[in-house]
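Colleague:
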Amino acid sequence: MNATKMCKVLLAMGLAGGLMAHPQISGGQTGASSIGTDDATKGTERDDNENAGACEWQSVDQPDGARNGAGRKCAKARPLFEQGKAIFRFDTFGDEDYWGGKLQLHKAIEGTALGGVGPGVSPKTALTVAGLKVDVDALPRDLQMELKRGKVDLDSPATTLALLKLNAVVGVKGFFGSGGGSLSSIGITCAICHSTVDDSFAPGIGKRLDGWPNQDLDTGLIVSLAPNLVPAAEQVLGASDPATINTLKKVLLSWGPGFYDAEVNIDAIGFRPDGKSAAVRIPAAYGHLGEDLHTWTGGFGDVTYWNAYVANLQMHGNGNFNDERFNDPAKYPAAVRGSFFRLRHTPDQVTPKLAALHYYQLSLQAPKPPKGSFNAAAAERGEAIFNGQGKCAECHMPSLYTDAGYNAHTPTEMCIDSFQADRGPTGSIGSTMVTPQLKGLWARSKRGFFHDGRFPTLLAVVSHYDACFNLGLRPDEERDLVEFLKSL
Ligand code: HEC
Ligand code: HEC
């Protein structure tokens with residue numbers, strides 16, 4: 009399919025999803041941000057998309073072709089992109105009904121002094137312990153100045169509330185009482201896990217980087233702070249006595265920064281057989297255009313499948329969802345407890361957003377490595393090994409760096425255990441792992457490599473493959489291969 013056609017297909021999907029008919033698409037009944045709603049109604053300009061070259065590949069990242077000189081404007085792509093961005097960043101899909109309404113997480117953020125429970129969460133704790141990020145562009149100039157001068161109290165939960173009111177905490181949306189006073193609920197968005205900031209203002213404070221995994225975010229710790237874990241324990245573990253709540257907390261606290269377990273609440277498996285955490289690295293949400301299957305195991309489906317899965321089953325948004333594979337009490341007892349195989353909500357706050365979200369997801373490109381972060385001559389030698397003796401390109405096919413076609417393999421092919429692979433729904437070749445695309449590796453390497461971070465360095469990955477595939481690489485060849493991986 010050529011680029012123009014592809015763009016048209018994406019646009020058609022957006023229109024089929026009824027996006028243009030929903031001016032309140034990113035706000036809706038959730039009271040979530042209304043950013044992008046203007047664009048949604050403006051998207052009725054006609055016919056530009058019928059022109060050849062209206063939606064060139066080069067302009068996918070920034071569909072406003074006029075701006076980057078890539079050709080004509082893609083009139084409908086731009087609103088779709090902006091809607092998708094607003095949803096990705098700001099839409100909670102109504103999940104505040106769960107995080108605030110049921111788990112009462114907002115009370116733990118407020119703390120006793122402000123009407124909640126416990127010590128509260130100060131900005132310092134939010135940034136350094138929880139790994140949350142602050143969007144500098146959401147901070148008014150005078151506040152930025154005061155921050156620079158050290159005049160802002162970073163030890164007070166009241167400051168966290170002020171930041172939430174400014175919509176400045178990446179991926180976290182505060183809901184405030186009608187008087188504008190205390191926090192009445194809290195919701196999360198895709199950006200909490202799949203965006204970070206560039207630290208340009210201070211550590212943890214900077215400009216948003218969508219698609220980059222938040223490698224510092226301790227999701228398990230954050231959830232464990234919730235004053236009421238009963239609804240979570242009932243659904244995940246089927247009971248809510250103190251011992252079960254304790255088990256749930258143990259599972260949550262085993263994850264650590266940059267990790268999350270998106271399957272424990274369907275299969276109720278909290279730990280690997282060897283006792284280690286069952287969580288996986290939060291993957292990059294960039295660089296996925298052109299890929300077939302998604303997530304670490306691939307058995308679930310593609311990007312848009314997974315977006316619906318996460319919005320409904322992980323974030324607990326109020327949407328509709330079907331997956332009859334989860335109606336399996338033996339493999340997915342927790343999913344059965346939550347009726348996750350068939351969810352219905354009125355209104356459905358997820359489905360109308362999937363097309364724009366898909367479009368935005370696929371437009372996120374992998375970031376280029378910083379200058380000087382690798383040795384160019386060694387990388388060039390490494391590339392030859394990657395495509396030749398190393399046999400890497402057998403699966404990581406340039407320029408996608410995943411397989412063209414069916415991009416999943418049995419774990420034995422990579423000489424690894426099948427624990428994670430077995431958790432996903434299995435296809436006709438049994439349990440699999442997806443070949444992850446390798447671009448922008450440098451921006452997701454803080455937590456090691458492979459789904460669970462088992463290899464601490466790229467050299468450890470290469471040595472593993474050397475042994476697994478019996479490649480006979482010399483140490484200098486292994487090092488060259490590593491430089492190539494760093495250059496992607
Ligand atoms: C609490 C953290 C968290 C949130 C919130 C979250 N994700 Fe994810 N996301 C993950 C993790 C962890 C995985 C890997 C899951 C697995 O393979 O088991 C993942 C996987 C993905 C993938 C597949 C990436 C790949 O390598 O194939 C996409 C795409 C994605 N998420 C998009 C989204 C979107 C869109 C949203 C919002 C609707 C979202 N995620 C919300 C943590 C999160
Ligand atoms: C048989 C297919 C196959 C071959 C051949 C292969 N890989 Fe992989 N690669 C995979 C799969 C599947 C994974 C995911 C494994 C996991 O997460 O458990 C992976 C993961 C990786 C990762 C980790 C990415 C991340 O984000 O954690 C790197 C780096 C990598 N491979 C590099 C290479 C190199 C270098 C070679 C050649 C020496 C190679 N691969 C050969 C399939 C393959």
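In short: position in the sequence shown from 1, add 8, done, that's our numbering. Even for Gly, the Cβ is constructed at its ideal location relative to N, Cα and C.
(1) Please state whether DSSP places G325 in a helix, a strand or coil.
(2) I'd like to check one pair, G380 with L493: are the Cβ atoms closer than 9 angstroms?
(3) Relative to the C-alpha of T330, which candidate in F308, K339, V142 and G92 has its C-alpha closest?
(4) Measure from the alpha carbon of C400 to the alpha carbon of each residue in D143, T168, Y473 and D105, then state which is nearest.
(5) Measuring alpha carbon to alpha carbon, tell me which of V144, V129 and D143 ends up nearest V137.
(6) Using three-state DSSP, classify L233 as helix, strand or coil.
(7) Shortest alpha-carbon distance to N273 belongs to which of S471, P87 and R431?
(8) According to DSSP, S193 sits in a beta bridge with which residue or residues?
(9) Got a sec? Which residues, its chain only, sit under 7 angstroms from W450 by beta carbon, not counting five neighbours each side?
(10) Going by the CB atoms, is the gap between L245 and T252 shorter than 9 angstroms?
(11) Taking 8 angstroms as the cut-off, is the CB of N328 close to at least one heavy atom of ligand 3?
(12) Can you tell me which of the three DSSP states F394 falls into?
(13) Report buried or exposed for M441, applying the criterion of at least 16 other Cβ atoms within 10 angstroms of its Cβ.
(14) With a cut-off of 8 angstroms, do at least 3 Cβ pairs link the stretch 408-419 to the stretch 119-135?
(15) Look at the alpha carbon of R462 and the alpha carbon of A412, and state the distance between them as a whole number of angstroms.
(16) Count the other CB atoms, across all protein chains shown, that sit within 10 Å of the CB of D161; report buried if there are 16 or more and exposed otherwise.
(17) For the beta strand (DSSP E) that contains R97, what are its first and last residues?
(18) Going by DSSP, which residues form a beta bridge with M405?
(19) Which class does F308 belong to by DSSP, given the choice of helix, strand or coil?
(20) Taking 8 angstroms as the line, does the beta carbon of F308 fall inside it for any heavy atom of ligand 2?
(21) Taking 8 angstroms as the cut-off, is the beta-carbon of P444 closer than that to any non-hydrogen atom of ligand 1?
(22) For L479, which residues from the same chain have a beta carbon less than 8 angstroms from its beta carbon, with the 5 sequence-adjacent residues on both sides left out?
(23) Please confirm whether L225 and L155 have their CB atoms less than 9 angstroms apart.
(24) What are the start and end residues of the alpha helix (DSSP H) that includes T420?
(25) Please report the straight-line C-alpha distance between L466 and S248, rounded to a whole angstrom.
(26) With a threshold of 7 angstroms on Cβ separation, who are the neighbours of N326 within its own chain once the five nearest residues in sequence on each side are excluded?
Modeller: So, from the listed chains and residues:
(1) coil
(2) Not in contact: L493 and G380 (Cβ atoms no closer than 9 angstroms).
(3) The identity of residue 330 in the sequence shown is Asn, whereas the question assumes Thr. With respect to the C-alpha of N330, the residue from F308, K339, V142 and G92 having the closest C-alpha is F308.
(4) Restricting attention to D143, T168, Y473 and D105, the CA atom closest to the CA of C400 is found in Y473.
(5) If we check each option's Cα against that of V137, V129 comes out closest.
(6) coil
(7) Here the closest residue by C-alpha is R431.
(8) Looking at the DSSP output, S193 bridges to F183.
(9) P377, S381 and K494
(10) Taking C-beta atoms as the reference points, T252 and L245 count as a pair closer than 9 angstroms.
(11) Annotation note on ligand 3: not contained in the displayed structure, which lists ligand 1 and ligand 2 as its ligands.
(12) helix
(13) buried
(14) no
(15) 26 angstroms
(16) exposed
(17) Counting along the chain, R97 falls outside any beta strand (DSSP E), though it belongs to the alpha helix (DSSP H) covering A85 to F98.
(18) T410
(19) Note: F308 maps to coil in three-state DSSP.
(20) no
(21) Yes, since a heavy atom of ligand 1 falls inside the 8 angstroms radius drawn around the Cβ of P444.
(22) Sequence-distant partners of L479 (beyond 5 residues in either direction) whose C-beta falls short of 8 angstroms from its own C-beta, in its chain, are Q397, G398, K399 and Y473.
(23) Against a cut-off of 9 angstroms, the Cβ pair of L155 and L225 comes out as no contact.
(24) No alpha helix (DSSP H) holds T420; DSSP gives it neither H nor E.
(25) 42 angstroms
(26) So the qualifying residues of the chain are F101, G102, D105, H353 and Q357.
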